[in-house]
Amino acid sequence: MKSACAILFAAVAAALPSPVPNNNVLQGTPENPLKFSGQALRASSPIHFGTVNANGKAFWIGKDAKTYNPLNNNTCVVDTNTTTFSYINGQGQVSLYTNVPGGQQIYVKDDGSLRFTGPHSVATDGNATFTGFGIAYDAKLQFENQDWLACLGGSISPANFQIYAASRIPAAQIPKDCLGFTWHDVYHQNATAAWQYE
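Mind the numbering: the sequence shown is residues -15 to -1, 1 to 183 in mature numbering (1 follows the signal peptide of the UniProt record, and there is no 0), read in order.
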């Protein structure tokens, strides 16, 4: 009887479709890039559920996004509390979701800081790595297969934390005011693009 039941369950399981991880379902294409915002996950910390925003050509938790619209019309968002990112499967790159010609690319500096290019320019603030980004299972953005650090900087009250790639800072050299965190992607496929981030 047990053998018959085991065979029956195996047959039913084989007939059911296998669950597909989020990273296989939600990867973007050149025609329809994956669009998402970043949410920090670090339980019992001041950054838990904090939003990742572009401001001053760097990325922060605790600061609003800084955008600009030279057209002064309603075709795109002028001011927003949320930064939207764009990702195409297989390229290893992330960009800001914008309307500005040429777009704005995201990169990691040699010091590990996560940065972005200005509008109409590919100039970077020092040596830059544009590839190495990926979306891991369960909607996690990573760089070089590792997570992120949020380091206290700028305003202390309210606290602002600048974002760094954990892969670029040896564990023994991580400052005491830095917190490791998981970057969770919150998908917004119908997001409105800002004109540009500043």
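Virtual Cβ for every residue (Gly too), placed ideally from N, Cα, C. In this text, all values refer to a predicted model and were calculated from it rather than measured experimentally.
* Asked: Using DSSP with H/G/I as helix, E/B as strand and the rest coil, what is S98?
  -> In the structure shown, S98 sits in a strand (DSSP, three-state: E or B).
* To do: Note the first and the last residue of the continuous beta strand (DSSP E) segment covering S80.
  => First-last of the beta strand (DSSP E) with S80: 79 to 81.
* **Chain-order list of residues whose beta-carbon lies under 7 Å from that of V5 (same chain, five-residue window excluded)** => Since pLDDT at V5 reaches only 34, below the 50 mark, its modelled position is unreliable, and the value read off the structure follows with that caveat. Answer for V5: no residue qualifies.
* Could you tell me whether the Cβ atoms of F34 and I148 are closer together than 7 Å? => no
* **Beta-carbon contacts of T167 that lie in its chain and below 8 Å, excluding the five residues immediately before and after** => A25, L26, R27, K125, D132, W133
* Asked: How far does the beta strand (DSSP E) with Y72 in it reach, from first residue to last?
  -> 70 to 72
* Asked: Out of T69, L56, K42, S98, which has the shortest C-alpha to C-alpha gap to A176?
  -> T69
* To do: Taking only beta-carbon positions, decide if N74 is within less than 7 Å of chain B.
  => In the structure shown, chain B cannot be found, because there is only a single protein chain.
* To do: Give me the Cα-Cα distance between G87 and A156, rounded to the nearest whole angstrom.
  => 36 Å
* State the CB to CB distance for the pair S80 and Q89, rounded to an integer number of angstroms; the pair is presumed to be in contact (CB under 8 Å). => 6 Å
* To do: Determine the contact status of A178 and Y82, defining contact as a CB-CB distance below 7 Å.
  => yes
* Count the other CB atoms within 10 Å of the CB of A108; is the residue buried (16 or more) or exposed (fewer)? -> exposed
* Which value, in whole angstroms, describes the spacing of the CA atoms of E16 and R153? -> 32 Å
* Report the three-state DSSP secondary structure of A176 (helix, strand or coil). => coil
* Using beta-carbon positions only, say whether V171 and F128 come within less than 7 Å of one another. => no
* Same chain only: Cβ atoms within 8 Å of N74, ignoring 5 sequence neighbours per side -> Q12, G13, T14, L19
* **Local conformation of residue 192 per DSSP, three classes** => Here the chain has residues from -15 to 183 only, and residue 192 is not among them.
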